[in-house]
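Some notes on the structure that comes next.
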Amino acid sequence: SQQGEEDPQALSIQEGENATMNCSYKTSINNLQWYRQNSGRGLVHLILIRSNEREKHSGRLRVTLDTSKKSSSLLITASRAADTASYFCATDGMDTGRRALTFGSGTRLQVQP
Amino acid sequence: DTGVSQDPRHKITKRGQNVTFRCDPISEHNRLYWYRQTLGQGPEFLTYFQNEAQLEKSRLLSDRFSAERPKGSFSTLEIQRTEQGDSAMYLCASSARTGPVTYTFGSGTRLTVV
Numbered sequence: 004s005q006q007g008e009e010d011p012q013a014l015s016i017q018e019g020e021n022a023t024m025n026c027s028y029k030t031s032i033n034n035l036q037w038y039r040q041n042s043g044r045g046l047v048h049l050i051l052i053r054s055n056e057r058e059k060h061s062g063r064l065r066v067t068l069d070t071s072k073k074s075s076s077l078l079i080t081a082s083r084a085a086d087t088a089s090y091f092c093a094t095d096g097m098d099t100g101r102r103a104l105t106f107g108s109g110t111r112l113q114v115q116p
Numbered sequence: 698d699t700g701v702s703q704d705p706r707h708k709i710t711k712r713g714q715n716v717t718f719r720c721d722p723i724s725e726h727n728r729l730y731w732y733r734q735t736l737g738q739g740p741e742f743l744t745y746f747q748n749e750a751q752l753e754k755s756r757l758l759s760d761r762f763s764a765e766r767p768k769g770s771f772s773t774l775e776i777q778r779t780e781q782g783d784s785a786m787y788l789c790a791s792s793a794r795t796g797p798v799t800y801t802f803g804s805g806t807r808l809t810v811v
């Protein structure tokens with residue numbers, strides 16, 4: 004089963020605009036991560052935010068985490084055509100006993116040049 | 698070391714045939730994971746190895762699926778008596794032995810069962 008659910012499922016924006024994707028999850032976590040996947044390829048780790056952090060930045064990425072609402076958001080600023088990909092959140096399920104990450108269903112981002 | 702390698706990249710097989718996929722993780726990583734991904738969905742967990750020990754298996758891993766990691770290095774995933782529903786991308790990931798679990802993924806093996 005998928006722990007996280009991303010919203011929206013698909014997003015189309017113009018180059019230079021900001022893109023915001025949201026993730027909701029169900030169980031307590033130690034950390035939440037975001038991954039990116041180009042079509043037909045494996046996923047690439049983008050950023051990790053710990054459960055005691057509220058916001059984290061990495062280059063043009065900004066991640067927020069609200070553990071009370073069990074939700075996270077990923078903001079990509081000044082988007083580029085090369086940002087076109089699917090983005091997934093992943094959680095470690097602290098109280099599920101699972102030692103592997105559980106992924107959401109993803110947001111497909113299209114950045115129009 | 699250039700990352701996680703998976704072989705083959707693509708596999709087309711007839712229903713009922715057996716297939717085997719291989720994953721070579723990053724050499725320093727002792728944790729190895731297999732996931733399955735269907736179109737438009739996120740990766741679904743199949744199984745997890747720490748060194749050579751298979752520590753967790755998903756209910757998705759029916760008795761037609763078997764995974765091994767001899768000597769704690771490369772891993773193989775075998776599907777016996779393939780069905781059309783097995784068509785998917787099979788992803789392998791590895792993770793370092795310390796710190797929070799973050800994955801390095803391979804490029805995946807795309808399986809098509811006809």
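These protein sequence lines are chains Z and P, in that order.
Take 4 as the starting number for the first sequence in my numbering and just add one per residue.
Take 698 as the starting number for the second sequence in my numbering and just add one per residue.
Glycine included, each C-beta is placed from N, C-alpha and C at the ideal position.
Because the structure is a prediction, the values reported are computed rather than measured.
Contact set between the segment 47–76 of chain Z and chain P, restricted to residues whose Cβ is under 9 Å from the partner:
Val47, His48, Leu51 and Arg53
Taking Thr799(P) as the query, report the chain Z residues whose CB atoms sit under 8 Å from its CB, ordered along the chain.
Gln36, His48 and Leu51
Chain Z within 8 Å of Leu758(P), Cβ atoms only:
no
Cβ atoms of Gln36(Z) and Thr799(P): under 8 Å apart, would you say?
yes
Buried or exposed: Thr699(P), going by 16 or more other Cβ atoms within 10 Å of its Cβ?
exposed
Please state the DSSP three-state secondary structure of Lys768(P).
helix
Give the interface partners of Arg39(Z) over in chain P, defined as CB-CB distance under 7 Å, in chain order.
Those within 7 Å of Arg39(Z) in chain P number zero; the least Cβ separation is about 11 Å.
With a CB to CB cut of under 7 Å and the five nearest residues on each side skipped, what residues in its chain are close to Gln714(P)?
Thr779
Less than 8 Å between the beta carbons of Leu736(P) and Cys789(P), yes or no?
no
Of all the beta strand (DSSP E) runs that stay within the bounds of the segment 752–804 of chain P, which reach a length of 3 or more residues?
762–765, 772–776 and 785–792
In whole angstroms, what is the alpha-carbon distance linking Leu758(P) and Leu46(Z)?
21 Å
So, is the C-beta of Gly109(Z) closer than 8 Å to a C-beta in chain P?
yes
Indicate whether at least one CB of chain P lies closer than 8 Å to the CB of Ala1(Z).
Limits of chain Z in this structure are 4 at one end and 116 at the other, which puts residue 1(Z) out of reach.
What in chain Z is Cβ-close to Ser804(P), meaning under 7 Å?
Arg44 and Gly45
Can you tell me the Cβ-Cβ gap for Gly107(Z) and Ser89(Z), rounded? I've got them flagged as a contact below 8 Å.
The pair is not a contact, with the Cβ atoms about 10 Å apart (cut-off 8 Å).
With DSSP as the reference, label Ala81(Z) as helix, strand or coil.
coil
Three-pair Cβ contact test at 8 Å for the segment 24–42 of chain Z versus the segment 708–724 of chain P
no
Leaving aside the five residues before and after Ile52(Z) along the sequence, list all residues of the same chain whose C-beta is less than 6 Å from its C-beta, in chain order.
Leu35, Lys59, Val66 and Leu68
Could you please give the first and the last residue of the uninterrupted beta strand (DSSP E) stretch that includes Ile16(Z)?
Ala13 to Gln17
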